[in-house]
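Residues in the sequence shown are numbered consecutively from 620, following our numbering. The beta carbon of each residue, even a glycine, is placed where N, CA and C say it ideally should be.
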Amino acid sequence: MSSSNDARDGQKKRAATSSSLKSGNKQHRSTARGKQEPGGGKTSGEYARSAESQVALDQHRPARKESIAVAQGLEPLRREPRTPLDAGMGTYTHQHQQVTARRMRINRIIMRKRRHERSVSTVGPRLFMLATVLLILFIAFASSGIGGAYAYYRAQMPLLNGIAQHSLFQTTHIYDRNGKLLYDLYDHNRIDRGRRTYVDYKDISPLLVNATIAAEDHTFWTNDGVDYSGIARAAVSNVENQGVVEGGSTITQQLIKKQFFDGQRRTIQIKGEEAILATGLTRQYSKQKIMEMYLNTVFYGDSNYGVEAAAQDYFGLKPQCSKDHCTPAVAQLDLAQASLLAGLPQSPTGYTPTVYKDHALKRQRQVLQWMVDLGYITDQERLDAQKEMENYDFTSHSGDQQKLAPGFVDYVTDQLIHLLGAQNLYDGGYSVYTSIDLDLQQKVESLVHDHLYKAQADNYLGYYPALNIYHNVNNGAAVVMDPTTGEILAMDGSADYFNTSPEVSGQVNVATSTDRQTGSSFKPIVYATAFEMGWYPAMIVPDHQTFFPEPTDGKPYYAPNNYDRQFHTSFPMTIRQAVGNSYNIPAADTLNFVGPNILNMASRLGITELSHLQPGDVTSSMALGTKPVSLLNMTAAYGTFANKGVHMPTTSILSITDNTNKTIYTYNAGSIKGTRAVREDVSYLISSILSDKLARYHEFFRGNPLELDRPAAAKTGTTEDYKDNWTIGYTPHLAVGVWAGNSNGELMRDVIGITGAGPIWHDIMEYASQRYNYPPDDFVRPDNVHQGTVSAFTGLLPHPGEPTVTDWFIDGTMPTIQGAYTPPPPPSSSSNCQSNNNNNNNNNNGGSNCTQNAQSQSTSSQGQATPTAPDNPGDQATSTTNMP
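Set out below in structure tokens:
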């Protein structure tokens, strides 16, 4: 019975306890329907109810209390032993203490649960993000297997190797012979093209390498192309900051992305392929090579592809080049410049410093701080670099590099297009070293422009105003060549490349134009042909009116005249005199003698403009320069005479290297022998005539522009109605040709070769000779050329007492017969003779007998006959008239 009673008592007690707990729960539910606490979504009442229930369970289930508390991470509650209810006031105090302790435990439970739920809410997304990233990589590799990944990498290897082998589009650079940049050539018409110059790792500033690592990939030197911990770290950082503040891609991955996946959606497959390629690239190439590839690939804004273009554009740094090597701009970067550039690839357009300086500086500050964190720089260096860029005035320097020697650069570009192909040239990144000397080129350009557009003064012409104003001469061109190698040392295609007026048309290169008549400057080629056929400088070729059976201008004949509209028949005319005074009839007679052989001679001298002519196309007017020939080819032809008859191919390019610095073309002047175009003895006869100062003194007085401080051969020419004006000449070391006129064919006013192109030629010759310290050498006479004396009247063997002339003869050309001779009557008075000998007023009819007698008694120091026949005041090349 007692045990049964005890059981009933226990049931009653448990029922009372359960009733008490239910009542307490209802009370807490009614008081806790208020504001929810942040974190778990439960109300404070719910927290309290849960805690009191736990206390009640602890009281009635003592065996489980400690295990439950431990399971919840709480310390076990410690109860005092119960006391009888009739203990009075002491019992009440004890119960109050128990309630207070219970409430404190409830508060602790609430706080611990809040912290736990907050931790779960943050770590969960982090773990999910990390799992997602790793899953992406796993799927990428597992989807195709290791063998498939390797096969995919092998398939992409040519493209990857192409990056390493500089196959990216790159800027082609054109230099002068000394390594001075003339122009950067790239495709301006495509939006996906721009400036890029590939630089090797050894030429890249270490400051830039460190700054790039700080900005993009802290584990660059140690990761395998993919930084898995970096990916996880970036994911967590981006979640915490609720935005993208850190990237997980390595420099290697960014390189792959730029070349293979730029602009594509970042799918799981793309990320997997990117990881495969990055890993393979790291195994194939060194870290230095990968860094080199990255810095040359990445876009830095404002048409700057690769860091070299950016360094040149944003900071105005220029490569320091010699004949053999260029030190690039990127090697010259300081810390401030390097750290700014390193931050640009993240947003090339948004960080463009010339447009968004504040954004670029903010990004630079981040890069500098990371460099401090990595131990690359000190904090003071960071501050100094920031201050330097804050004070820097950003401007684009890409426009600073104007096209130097523009006419010549255009000429070379045309050649390169034929050689390499247009797109290959613009994208290939070639380095082209040309033949011109930029310093000489710029002096030539200055001389041509100033002689036309500024007043001048010299000892021969005195003071004379600008030719463009008083003589309507608005354009000019010049070519300077080394006759021994054929190299173009300077080429000025117009007086002003950027002048678009019809008279100038500056971008039309007159030096290479083939629509300009040469005037009397063509005559030496005619006479050289005759000398090859046995003629000699002392031969008599009369200057008298002649009708050639060639229909011209609606007439059945061609009847040329001289510039002065007179014929000089009062004395016998030698070839030396005819060339010195530029008489037309002797030249036309000579061309009739040589006939189609003139075409052969012109071809051998490099005058290709006449190669299309047939023998029937040869007319007498050709002797007066009526067929157009370019200034470049005429200068090269004269250079052949300077080089003793050996024609050197015209050369404008000395070497070409590809974008790996491998030489693919070299002009070796020592191995180029040239072509024997004219016999050496014939060349010497031409040089002897053209360098004969005395032969010009009746027309061109002592000190005229054709005279230098050294022996020089020269010839002027002016075409009909003053359309074209020429002076071409040479020394043994230089050949120079000058043209003056108007591009649209507008007529000049009263200007001939000696007053138009002549002074320009003189100044160019003097400057170039002194610049290169050429000795004042004379033309070397061949062993088979000797002096001979012939009749001054017939050019044949003289009769006893007959006036004679002494000149140079090629062995075997000395005449062996005499001509008819009638002794002239003695002069009426010596005073008359003296008067005529002093006649320098260009009277072509005066003093012929006295002059001829004087001529027969005098020779030059070189064995050249002293010409005393009056000089023609012009060399007009026309079907009827020719001017000097």
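Requested in this report: For the alpha helix (DSSP H) holding Met1384, just list the boundary residues, first then last.
Outcome: Position 765 of the sequence shown, counting from 1, holds the residue named residue 1384. That run of the alpha helix (DSSP H) goes Ala1376 to Arg1390.
Query raised in the report: How big is the Cα-Cα spacing for His1070 and Ile823?
Result: Your numbering for residue 1070 matches position 451 in the sequence shown. Your numbering for residue 823 matches position 204 in the sequence shown. Their backbone Cα atoms lie some 47 Å apart in a straight line.
Requested in this report: Only counting runs of 3 or more residues, tell me where the beta strand (DSSP E) segments fall wholly within the stretch 1318-1362, in order along the chain.
Outcome: Those beta strand (DSSP E) runs which fall completely within the stretch 1318-1362 and span 3+ residues are 1332-1338, 1343-1349 and 1354-1360.
Query raised in the report: Going by alpha carbons, who is nearest to Ile1144 out of Phe934, Asp1003 and Met1220?
Result: Start at 1 with the first residue of the sequence shown, and residue 1144 comes out as number 525. Of Phe934, Asp1003 and Met1220, the residue nearest in Cα terms is Met1220.
Query raised in the report: Should Asn921 go down as buried or exposed, given a rule of 16 or more other Cβ atoms within 10 Å for buried?
Result: As a working mapping, residue 921 is identified with position 302 in the sequence shown. For the record, residue 921 in the displayed sequence is Asp; it is not Asn. Classification for Asp921: buried.
Query raised in the report: When you compare each of Ser1410, Asn1262 and Asn1361 to Pro1422 by their alpha carbons, which one comes out closest?
Result: The residue given as residue 1422 occupies position 803 in the sequence shown. Measuring from the Cα of Pro1422, the nearest candidate turns out to be Ser1410.
Report task. Assuming Ile793 contacts Thr1053 (C-beta within less than 8 Å), just tell me the rounded distance between them. Result -> Taking the first residue of the sequence shown as position 1, residue 793 is located at position 174. Taking the first residue of the sequence shown as position 1, residue 1053 is located at position 434. That belief holds up - the Cβ atoms of Ile793 and Thr1053 are roughly 6 Å apart, short of 8 Å.
Query raised in the report: In this structure, does DSSP put Leu1416 in helix, strand or coil?
Result: Translated into positions along the sequence shown, residue 1416 becomes position 797. Of the three classes helix, strand and coil, the one that applies to Leu1416 here is strand, per DSSP.
Query raised in the report: If you draw a straight line from the alpha carbon of Lys1342 to that of Pro1401, how long is it in whole angstroms?
Result: What you label residue 1342 is simply residue 723 of the sequence shown in a count that begins at 1. What you label residue 1401 is simply residue 782 of the sequence shown in a count that begins at 1. About 39 Å.
Query raised in the report: Considering only the beta carbon of each residue, do Tyr817 and Asn1278 sit closer than 8 Å?
Result: As a position in the sequence shown, residue 817 is number 198, starting the count at 1. As a position in the sequence shown, residue 1278 is number 659, starting the count at 1. Cβ atoms of Tyr817 and Asn1278: closer than 8 Å.
Query raised in the report: Can you give the Cα-Cα distance for Asn1472 and Leu1415, rounded to whole angstroms?
Result: As a first step, residue 1472 must be located in the sequence shown, where it is residue number 853. As a first step, residue 1415 must be located in the sequence shown, where it is residue number 796. Summary for Asn1472: the model assigns pLDDT 39, below 50, so the residue's position carries little reliability; its value from the coordinates is reported in the next sentence. About 17 Å.
Query raised in the report: Which first and last residues belong to the beta strand (DSSP E) in which Asn1094 is found?
Result: Here residue 1094 refers to the residue found at position 475 of the sequence shown. Residues Asn1094 to Asp1101.
Query raised in the report: Under three-state DSSP, which class holds Tyr1082?
Result: Translated into the one-based positions of the sequence shown, residue 1082 becomes position 463. It is a strand residue.
Query raised in the report: Using CA coordinates, which residue listed in His1418, Met1433 and Asn1280 is at the minimum distance from Cys945?
Result: By 1-based counting over the sequence shown, the position of residue 945 is 326. Here the closest residue by C-alpha is Asn1280.
Query raised in the report: In whole angstroms, what is the alpha-carbon distance linking Arg812 and His1068?
Result: Counted from its first residue, the sequence shown places residue 812 at position 193. Counted from its first residue, the sequence shown places residue 1068 at position 449. If you take the alpha carbons of Arg812 and His1068, they lie about 36 Å apart.
Query raised in the report: If you pair each beta-carbon of the stretch 1077-1093 with each one of the stretch 972-987, do three or more pairs fall below 8 Å?
Result: no
Report task. Could you tell me if Gly1348 is buried or exposed, where buried requires 16 or more neighbouring beta carbons within 10 angstroms of its beta carbon? Result -> On the sequence shown, position 729 is the one that residue 1348 refers to. Flag for Gly1348 reads buried.
Query raised in the report: If we count the other Cβ atoms within 10 Å of its Cβ and call it buried at 16 or more, is Thr1254 buried or exposed?
Result: Walking along the sequence shown from the start, residue 1254 turns up at place 635. Of the residues assessed, Thr1254 falls on the buried side of the cut-off, its CB having 16 or more other CB atoms within 10 angstroms.
Requested in this report: Might you give, ordered along the chain, the residues of its own chain that have their beta carbon closer than 6 Å to the beta carbon of Val991, omitting 5 neighbours on each side?
Outcome: Counting from 1 along the sequence shown, the entry for residue 991 is found at position 372. Within its own chain, the residues whose Cβ lies closer than 6 Å to the Cβ of Val991, once the five positions on either side in sequence are excluded, are Asp998 and Arg1001, listed in chain order.
Query raised in the report: CB-CB under 6 Å to Met1100, same chain, minus the five flanking residues each way: which ones, in chain order?
Result: Start at 1 with the first residue of the sequence shown, and residue 1100 comes out as number 481. Contacts found: Ile1107, Thr1254, Gly1258 and Ala1354.
Report task. Please state if the CB of Thr1338 and the CB of Gln1136 are separated by a distance shorter than 8 Å. Result -> Residue mapping note: residue 1136 aligns to position 517 of the sequence shown, counting from 1. Residue mapping note: residue 1338 aligns to position 719 of the sequence shown, counting from 1. Cβ atoms of Gln1136 and Thr1338: closer than 8 Å.
Query raised in the report: Between which two residues does the beta strand (DSSP E) carrying Tyr1072 extend?
Result: In the sequence shown, the residue the question calls residue 1072 occupies position 453. Boundaries for Tyr1072: no beta strand (DSSP E) harbours it, while the alpha helix (DSSP H) harbouring it runs Leu1057 to Tyr1072, taken from the DSSP string.
Query raised in the report: Counting Cβ pairs closer than 8 Å, one from the stretch 1118-1125 and one from the stretch 1383-1390, do we hit at least three?
Result: no
Query raised in the report: Using DSSP with H/G/I as helix, E/B as strand and the rest coil, what is Met1152?
Result: Along the sequence shown, read from residue 1 onward, the residue named residue 1152 stands at position 533. Of the three classes helix, strand and coil, the one that applies to Met1152 here is coil, per DSSP.
Query raised in the report: Ala961 to Ala830, Cα distance in whole Å?
Result: Taking the first residue of the sequence shown as position 1, residue 961 is located at position 342. Taking the first residue of the sequence shown as position 1, residue 830 is located at position 211. Answer to the nearest angstrom: the Cα atoms are 6 Å apart.
Requested in this report: Return the first residue and the last residue of the alpha helix (DSSP H) that Ile996 is part of.
Outcome: Here residue 996 refers to the residue found at position 377 when the sequence shown is read from its first residue. Counting along the chain, Ile996 falls outside any alpha helix (DSSP H), and DSSP gives it neither H nor E.
Query - Identified DSSP bridge partners for Pro972 - result: Walking along the sequence shown from the start, residue 972 turns up at place 353. Paired residues: none, contrary to the question.
Query raised in the report: What three-state label does DSSP hand Phe839 in the structure shown?
Result: On the sequence shown, residue 839 is found 220 positions in, with the first residue counted as 1. Coil, per DSSP.
**Report entry** Inter-residue spacing [alpha-carbon to alpha-carbon] between Phe880 and Val974
**Finding:** Counting from 1 along the sequence shown, the entry for residue 880 is found at position 261. Counting from 1 along the sequence shown, the entry for residue 974 is found at position 355. Straight-line measurement puts the Cα of Val974 at about 28 Å from the Cα of Phe880.
Query raised in the report: Which first and last residues belong to the beta strand (DSSP E) in which Thr1408 is found?
Result: Residue mapping note: residue 1408 aligns to position 789 of the sequence shown, counting from 1. Looking at the DSSP string, the run of the beta strand (DSSP E) that includes Thr1408 is Val1404 to Ser1410.
Query raised in the report: So, helix, strand or coil for Ser919, using DSSP?
Result: As a working note, residue 919 is residue 300 in the sequence shown. The sequence given here places Tyr at residue 919; Ser does not occur at that position. Coil.
Query raised in the report: Span of the beta strand (DSSP E) holding Ser1274?
Result: The residue you call residue 1274 lines up with position 655 of the sequence shown. In the DSSP annotation of this structure, the continuous segment of the beta strand (DSSP E) that includes Ser1274 starts and ends at Ile1272 to Thr1276.
Query raised in the report: His792 lies in the beta strand (DSSP E); which residues open and close that run?
Result: Within the sequence shown, the letter at position 173 stands for residue 792. Its beta strand (DSSP E) spans residues Thr791 to Tyr794.
Query raised in the report: Taking the Cβ atom as the reference point for each residue, do Asp1056 and Ala1109 lie within a distance shorter than 8 Å?
Result: The residue given as residue 1056 occupies position 437 in the sequence shown. The residue given as residue 1109 occupies position 490 in the sequence shown. The answer is yes: Cβ separation under 8 Å.
Requested in this report: Go to Val1051, then tell me how far its alpha helix (DSSP H) extends in each direction, as first and last residue.
Outcome: Translated into the one-based positions of the sequence shown, residue 1051 becomes position 432. Careful: Val1051 lies outside any alpha helix (DSSP H), inside the beta strand (DSSP E) at Ser1050 to Thr1053.
Query raised in the report: If you drop the 5 nearest sequence neighbours on each side, which residues of the same chain put their C-beta closer than 6 Å to that of His1352?
Result: The residue given as residue 1352 occupies position 733 in the sequence shown. Tyr1393.
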